[in-house]
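Each residue of the sequence shown is one higher than the last, beginning at 865 in this note's numbering.
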Amino acid sequence: MFTQPGDAAGVEPDSSEGIRRVLTDIILDASANAPRSRQRRIGPSEVGDPCPRRLAYKLMDWPAANDGGDPWPSIVGTATHDWLADALERHNRERDPGRFLVEERVQVDDGAVSGYRLSGSCDAYDTRTHTVIDHKVVGESAMRKYKAEGVREQYRVQANLYGLGWENAGYRPETVALAFYPRGGMLGGLWVWTCEYDRQAALDALGRLGTIRDALVALDPEARPQMWSHLPAAASSACRFCPWWKPGSPDLAVGCPGALTPDQATSAA
Ligand code: SF4
């Protein structure tokens, strides 16, 4: 018999619990099958990841060990991106024709620097100010941290990789901007970080990716799984979002233990 989402013994489908289960199941299913969840090739948002081992797993398209937990923050982020794209397109249509290039795909590397063809869809490019804009939807503690300590290097790399992509497409980016929107707050909490476009930062990140690629070729962890230990790890509280995090795993071919137990990861959230 076909089982409907949320079906469970003893739960009435029209009770609050029944409805909650149906909605949760539908959301989880849609999230697991969303294009972003199914994306297999490395993208600009991942290249600056501080953990070389995580990048290596990604480059090898290694089977994941961690489902990533509750997808709600990423669902809110994706929906917000869609809304912002519509708002910028509307601005182009109604107020300032052609000002913003929205969600356009740019070619960051044709393989000449990193050995990989790397492209990605950039949130926006302001043709008037020559600014790359990347939207980030973040929680309160992350917002506080970025304001106090500076933005994540991974974000800075991502923005400059898009800058390089625009440059490859014949534009002349001058500034890269990260627009941080509060996930649970008000528009008044929008905070924007900017810096001068740094081509070298993008090239260095691509060079690092190439070095990891070379290590993978030399170590061949697919044929020799014990070689995974030679790919250095940079464990942090971000391990809990790593698709290859498997707390306590003694076998890196199955998953990486990171440096966190599940309890530590929860308290670090
Ligand atoms: S679990 Fe942590 S240390 Fe291990 S690969 Fe993932 S990010 Fe790196």
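C-beta atoms are modelled at their ideal positions from N, C-alpha and C, and glycine is treated no differently.
- With contacts defined by Cβ atoms closer than 7 Å, residue 963 and residue 985 do not form a contacting pair.
- Looking from the CA of residue 931, the closest CA among 1023, 896 and 1066 belongs to 896.
- Distances from the CB of residue 1104 to the heavy atoms of the ligand SF4 are all 6 Å or more.
- In the structure shown, residue 984 falls within a strand segment according to DSSP collapsed to helix, strand and coil.
- Here residue 1059 carries a strand assignment [DSSP, helix/strand/coil].
- With a contact defined as Cβ atoms closer than 8 Å, residue 1073 and residue 921 miss out at about 13 Å.
- Taking a 10 Å sphere around the C-beta of residue 993, we find fewer than 16 other C-beta atoms and assign the residue as exposed.
- Sequence-distant Cβ neighbours of residue 1041 in its own chain, meaning closer than 8 Å and more than five residues away, are 995, 996, 997, 998, 1023, 1056, 1057 and 1058.
- Between residue 1109 and residue 1102, the alpha-carbon positions lie close to 10 Å from each other.
- With a cut-off of 8 Å on Cβ pairs, the segment 904-919 is in contact with the segment 1086-1105, counting three or more such pairs.
- Beyond the five residues adjoining it in sequence on each side, residue 974 comes within less than 7 Å, by CB distance, of 981 in the same chain, given in chain order.
- Closest option to residue 1015, judged by alpha-carbon separation, among 1038, 1025, 1027 and 1002: 1002.
- With contacts defined as CB atoms closer than 7 Å, residue 967 and residue 943 fail to qualify as a contacting pair.
- Burial check for residue 1036: the Cβ neighbour count within 10 Å stays below 16, so the residue is exposed.
- If you draw a 10 Å sphere on the C-beta of residue 978, you find 16 or more other C-beta atoms in it, and that means buried.
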